[in-house]
Amino acid sequence: MGYVLSNRRVILGVTGGIAAYKAAELVRSLTKAGAQVQVVLSEAAKAFVTPLTLQALSGHPVRDSLLDPEAEAGMGHIELARWAELILIAPATADCMARLAAGRGDDLLTTLVLATPAPVHIAPAMNQQMWAQASTQANLATLIQRGITVHGPDAGEQACGDVGLGRMRQPEALQSAIEDALAPRLFEGKRVVITAGPTREAIDPVRYLSNHSSGKMGYALACAARDAGARVTLISGPTALAMPEGVTGVSVTSAEDMLHAALGNIECDLFVGCAAVSDYRPRLVAEQKLKKGQQDLSQIELIENPDILAQVASHAQRPKVVIGFAAETHQALAHARDKLSRKQLDAILVNEVGDGQAFGQDDNRLHWCDAQQTLDLGQASKIVLAQKILSTLQEHFPL
Ligand code: PMT
């Protein structure tokens, strides 16, 4: 991929942490690969690395002030934000993440992030305790939800002597991530429809049947497909998650609503059924709250819900590729293979559930099954697995 960076325009933001010294190596290797790099330093970063070093390595004056008339006369900050094809902040401190999450624009770097149409990547680096703090994790979730790509941090021994997650990802790995991000995108222009979350099947105005799906797996897939250039529609049952930016959201409640939304969006290249659809619903929905003692609540007659995925896969306007998930507590692969053929899917992702696995978790373990093979995609965060699903898909069922 050596050619990808040739003449590509990258802003490298550096904030104030001990890992800032690695920025020099990053600038050197990015420019060596042909990129044009403009470095923007935060005030605190200057205590760790000198502007002169980065200027010499990048071949451009280093910018560090929002209100510098001389620099603005050359290339104003809005122009600089438009110039960039990608902004990478490495290292990104906990403070930097908090400021980005809050949408601050009171220094040059945060203003550029607000003003750029380019993708923004960050490589966090901080003490492991700071990384684990609920506030940092909440900021991380906000940044990911807004489409910022996060690299690392890695685990290991830290400058302060602690051991844990918080080391900045190595410059070599960051460079290859930037090459991937600037390479032509896998699903550019493709239309992807994903179902996510649970469905709720009303019993009466206050009660319903449902399951423990949080929507995290399906939302991670929507973000990954969006980042790969797809136009994404996410049909979501009720979840506590915010609709990712850049994704068209359709909120539904019941399996029948979800079916209606799926058929209304059938014109797509890829359909992914990740939702945990209730297989059954009450035959009758009481108009008023059922009263204990007045009605027999121990017996609720259920009828089968439509199979959304099977209907999409057998539809006259079948999307080019249809994949599903199988949530199994035992004999997972055998049951998944049965669903693969019964629902006429191209592939199915298999996760074992129960015992606190998969449902509601940030991590998952998945196997990919299609007619030819079974692949172990491993145990990883749902975000990483979503990217693996899309690259496996592109390899075996190119859109
Ligand atoms: O949401 P999370 O908390 O992140 O958890 C993720 C997950 C465990 C929900 C997800 O990884 C997953 O396994 N989703 C599918 C859950 C499920 O309902 O599996 P199933 O084996 O019952 O159904 C098989 C497939 O048919 C699924 O793709 C399902 O969307 C689809 N289906 C099922 C029933 C139905 N009536 N219509 C359907 O389309």
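Take the sequence shown: its letter number 186 is residue 233 in this note's numbering, and every next letter is one higher.
The C-beta atom is built at its ideal place from N, Cα and C for all residues, glycine as well.
For clarity, every value in this text was computed on a predicted model and none was experimentally measured.
>> Only counting the same chain, and skipping five residues up and downstream in sequence, which positions put a Cβ closer than 8 angstroms to that of proline 200?
In response: Ala170, Pro171, Ala172, Met173, Trp178, Leu212, Gly213, Arg214, Met215, Arg216
> By how many angstroms is the C-alpha of serine 261 removed from the C-alpha of threonine 286?
Replying inline: 6 angstroms
>> Can you give me the C-alpha to C-alpha distance between threonine 242 and glutamine 102, rounded to a whole angstrom?
In response: 48 angstroms
>> Using the three-state DSSP reduction, which class does histidine 34 fall into: helix, strand or coil?
In response: With the chain covering only 48 through 446, there is no way to say anything about residue 34.
> Alpha carbon to alpha carbon, what distance is there between aspartate 402 and alanine 360?
Replying inline: Taking the straight line joining both Cα atoms gives about 31 angstroms.
>> In the DSSP assignment, the alpha helix (DSSP H) including glutamine 441 goes from what residue to what residue?
In response: 429-443
>> On a Cα-Cα basis, can you pick out the residue from Tyr266, Glu132, Arg365, Arg247 that is closest to histidine 259?
In response: Relative to the Cα of histidine 259, the nearest Cα in the group Tyr266, Glu132, Arg365, Arg247 belongs to Arg247.
>> Report the CB separation of valine 87 from arginine 110 in whole angstroms; it is logged as a contact under 8 angstroms.
In response: The pair is a contact, with the Cβ atoms about 5 angstroms apart (cut-off 8 angstroms).
>> Across the region 386-406 and the region 222-240, are there enough close Cβ pairs to call them in contact, namely three or more that are closer than 8 angstroms?
In response: Not touching, per the Cβ criterion.
> Quick one: is the Cβ of asparagine 398 within less than 8 angstroms of any heavy atom of the ligand PMT?
Replying inline: Asparagine 398: yes, Cβ under 8 angstroms from the ligand PMT.
> Of the residues Met290, Val96, Glu204, which one's Cα is nearest the Cα of lysine 263?
Replying inline: Out of Met290, Val96, Glu204, Met290 has the C-alpha closest to the C-alpha of lysine 263.
> Which one of Ala165, Gln85, Ile350, Leu156 has the shortest CA to CA distance from proline 329?
Replying inline: Closest option to proline 329, Cα to Cα, is Ile350.
> When you compare each of Ile282, Ala427, Gln420, Glu375 to leucine 440 by their alpha carbons, which one comes out closest?
Replying inline: Here the closest residue by C-alpha is Gln420.
> Does the region 333-353 come within contact of the region 381-390, defined as at least 3 CB pairs closer than 8 angstroms?
Replying inline: No, they do not touch.
> Which whole-angstrom value describes the C-beta separation of leucine 135 and isoleucine 65, a residue pair presumed to lie in contact below a C-beta threshold of 8 angstroms?
Replying inline: 18 angstroms between Cβ atoms; not a contact.
> Given that a residue counts as buried once 16 or more other Cβ atoms are within 10 Å of its Cβ, and exposed if not, what is leucine 331?
Replying inline: Classification for leucine 331: exposed.
>> List, from N- to C-terminal side, the alpha helix (DSSP H) runs of 4 residues or more that fit wholly inside the region 79-122.
In response: 98-105, 116-121
> When you compare each of Asp304, Val279, Ala271, Glu292 to alanine 249 by their alpha carbons, which one comes out closest?
Replying inline: Asp304
> Where does alanine 230 sit, in a helix, a strand or coil, going by DSSP?
Replying inline: Three-state result, alanine 230: coil.
> Along the chain, where does the beta strand (DSSP E) that runs through glycine 18 open and close?
Replying inline: Since the first and last residues shown for the chain are 48 and 446, residue 18 lies out of range.
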